Ligand SMILES: [Zn+2]
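Numbering (full-length UniProt numbering), first residue to last: 1 to 220.
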């Protein structure tokens, strides 16, 4: 089963990806992991990528696509894979199509986990961390027993990180929307897109995903 998983930060994409890995015994492929591994292994592409990274630049698409191409030929992808966080743009999606064409693979489904903007905003801005010991809380699902006091270390240092502030989250969500909307359209036109409602319990979201995969004839 070859899947691309799309979803905003805070949509629960990571959780669903882990469920998919478990159920279908397929690897999750993220460009971050591939990059790190190629750099560590010192492959030709890894060296190229490293030179861009150390000079503070973005790794160009052809390097990323080259790594993806190599990764797709690893044995563990025989049963399929999940792309998480890739492709990020139309040129990457087109490059991926070319790779599939070359190595004789087809993409089975693109799943988009859709959660209302305001719901994600609430989810993400509810995060709190202890500035002293790093314990993580969520005001909605797992608040500290006493408001503002860390359960673990007892200090009154439970705070909202700058990354979780409403302004920052809004900004990140807008960037996601802008970059992902064209991809959604791209895969919709090819009849590959399925939208899954992500505004419910993780297990229920996953049931819907499994249903979608079965209905489209992709479940193993
Ligand atoms: Zn603490």
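Even glycine gets a Cβ: it sits at the ideal position worked out from N, Cα and C. Keep in mind that this is a model prediction, so the values were computed, not measured.
In this structure, the CA atom of residue 168 is about 9 Å from the CA atom of residue 125. Relative to ligand 1, even the nearest heavy atom lies 7 Å or more away from the CB of residue 156. Following the DSSP letters along the chain, one finds residue 111 inside the beta strand (DSSP E) bounded by residues 109-114.
Checking the 7 Å criterion, the Cβ of residue 127 is out of range of every heavy atom belonging to ligand 1. Of the other Cβ atoms in all chains shown, 16 or more fall within 10 Å of the Cβ of residue 29; this residue is therefore buried. Residues lining ligand 1 by the Cβ criterion, that is a Cβ closer than 5 Å to any of its heavy atoms, are 130, 132, 133, 135, 150, 152 and 153 in chain order. A residue is called buried once 16 or more other Cβ atoms fall within 10 Å of its Cβ, and residue 112 is buried on that count.
Across the structure, residue 72 and residue 94 are spaced so that their CA atoms are roughly 16 Å apart.
Look at residue 92 here: in three-state DSSP terms it is helix. With a cutoff of 8 Å on beta-carbon distance, residue 80 and residue 31 are scored as not near each other.
When the beta-carbon positions are compared, residue 193 and residue 110 come within less than 8 Å of each other. Taking 8 Å as the upper bound for CB-CB distance, residue 6 and residue 184 are in contact here, some 7 Å apart. Sequence-distant partners of residue 153 (beyond 5 residues in either direction) whose C-beta falls short of 8 Å from its own C-beta, in its chain, are 130, 132, 133 and 135.
Here residue 13 is buried: its Cβ has 16 or more other Cβ atoms, across all protein chains shown, within 10 Å.
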